[in-house]
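Everything below concerns the one structure shown next.
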Amino acid sequence: CVYGRDKVLEIWLTRAPFGADTEGVKAASLRWFGHDPSHLTPKEAALLVALPRSPERIRPDRYPNNAAKHIQDVLRLAKAQGVLSSFTASAVEHESIPHKLLPIAANERGLSLKLLASGHDQLITTLDSRIQNLLQVQGKIFKQNHPRELTAAAVVIDRSKHEIAGYLGAAVPEDSQLPLAHAIRSPGSALKPFAYAIAFEQHLLHPKTILSDEKSFFGNWSPRNFSGKFLGKITAETALAYSLNLPALEVMKTIDPSSFASRFRELGLVLPKHADP
Numbered sequence: 035c036v037y038g039r040d041k042v043l044e045i046w047l048t049r050a051p052f053g054a055d056t057e058g059v060k061a062a063s064l065r066w067f068g069h070d071p072s073h074l075t076p077k078e079a080a081l082l083v084a085l086p087r088s089p090e091r092i093r094p095d096r097y098p099n100n101a102a103k104h105i106q107d108v109l110r111l112a113k114a115q116g117v118l119s120s121f122t123a124s125a126v127e128h129e130s131i132p133h134k135l136l137p138i139a140a141n142e143r144g145l146s147l148k149l150l151a152s153g154h155d156q157l158i159t160t161l162d163s164r165i166q167n168l169l170q171v172q173g174k175i176f177k178q179n180h181p182r183e184l185t186a187a188a189v190v191i192d193r194s195k196h197e198i199a200g201y202l203g204a205a206v207p208e209d210s211q212l213p214l215a216h217a218i219r220s221p222g223s224a225l226k227p228f229a230y231a232i233a234f235e236q237h238l239l240h241p242k243t244i245l246s247d248e249k250s251f252f253g254n255w256s257p258r259n260f261s262g263k264f265l266g267k268i269t270a271e272t273a274l275a276y277s278l279n280l281p282a283l284e285v286m287k288t289i290d291p292s293s294f295a296s297r298f299r300e301l302g303l304v305l306p307k308h309a310d311p
């Protein structure tokens with residue numbers, strides 16, 4: 035397929051990289067300056083001309099001196115080629131350049147890209163902006179209080195409407211290259227509510243039943259909780275709310291494994307064809 039100059043320019047303006055996972059001139063203008071490209075100052079435009087050369091190394095929020103040098107190079111060239119007058123070039127010298135990125139209105143970039151890949155021009159979601167904002171705030175708090183390599187994800191479902199009200203693919207946008215909500219992984223704690231539900235239905239325990247969350251060994255294996263702490267004697271409802279591992283094992287011992295497996299079959303949840311049981 036052969037493209038003319040105008041088409042090549044259109045593709046470049048739409049797909050050129052501008053750092054911080056940002057592509058396209060319009061997205062870059064909004065992300066770095068908070069306005070459309072039609073309102074760019076000469077100095078802002080110069081930064082956007084320079085950024086695609088090395089999007090991460092010229093980022094003004096991380097390398098302000100390097101960004102300033104490249105901006106001056108672009109302005110000098112624009113002046114030499116008559117694009118800018120000497121007066122304009124001198125006037126913009128003292129303009130400040132941004133030192134931080136503006137937040138993205140729709141932080142779920144990973145989800146957006148997945149939806150766009152479906153080929154539809156317009157997509158309507160059931161996401162609730164209030165819940166979405168709350169999830170994003172909690173994601174930032176999680177990231178601030180945990181090691182860099184850890185992230186978090188959540189899907190909030192409105193039971194009354196059977197709709198997805200909130201979606202957090204990763205704790206912060208920078209982690210969203212692989213949305214964890216779509217990642218294939220062990221079901222882990224997602225199985226616990228089923229075990230408790232069966233035990234409640236069979237009257238083997240009730241929400242106020244006391245369970246033990248104390249360090250125990252099963253051969254050489256000693257389960258621990260995500261927090262690294264044990265809470266001692268607690269009620270079943272608290273153990274489930276905090277997704278504690280040892281109480282869950284205690285509950286599993288009280289129910290018939292076959293009833294546990296049959297519950298999943300009833301719900302249409304089956305293991306992949308060649309998966310280990």
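In our numbering, the protein residues as written are 35 to 311. Note that the Cβ used here is the ideal one computed from N, Cα and C, for glycine as well.
Taking 8 Å as the cut-off, the Cβ atoms of P241 and A270 count as close. Here H237 is exposed. Its C-beta has fewer than 16 other C-beta atoms within 10 Å. Distances from the alpha-carbon of I105 to those of A79, R91, S119, F121 put A79 closest.
With fewer than 16 other CB atoms across the displayed protein chains lying within 10 angstroms of its CB, F252 is exposed.
Counted as a single uninterrupted DSSP element, the stretch harbouring S246 is not any alpha helix (DSSP H) but the beta strand (DSSP E) occupying residues 244-247. Annotation for E235: the continuous alpha helix (DSSP H) segment containing it runs 226-235. Here I45 is exposed: its Cβ has fewer than 16 other Cβ atoms, across all protein chains shown, within 10 Å. For K41, the uninterrupted alpha helix (DSSP H) run begins and ends at 39-49, by DSSP. When secondary structure is reduced to three states using DSSP, F52 falls in the coil class, being assigned neither helix nor strand. For N99, the closest C-alpha among the options P86, R110, L81 is that of L81. Proximity of the stretch 185-199 to the stretch 157-176 meets the contact definition, three or more beta-carbon pairs being nearer than 8 Å.
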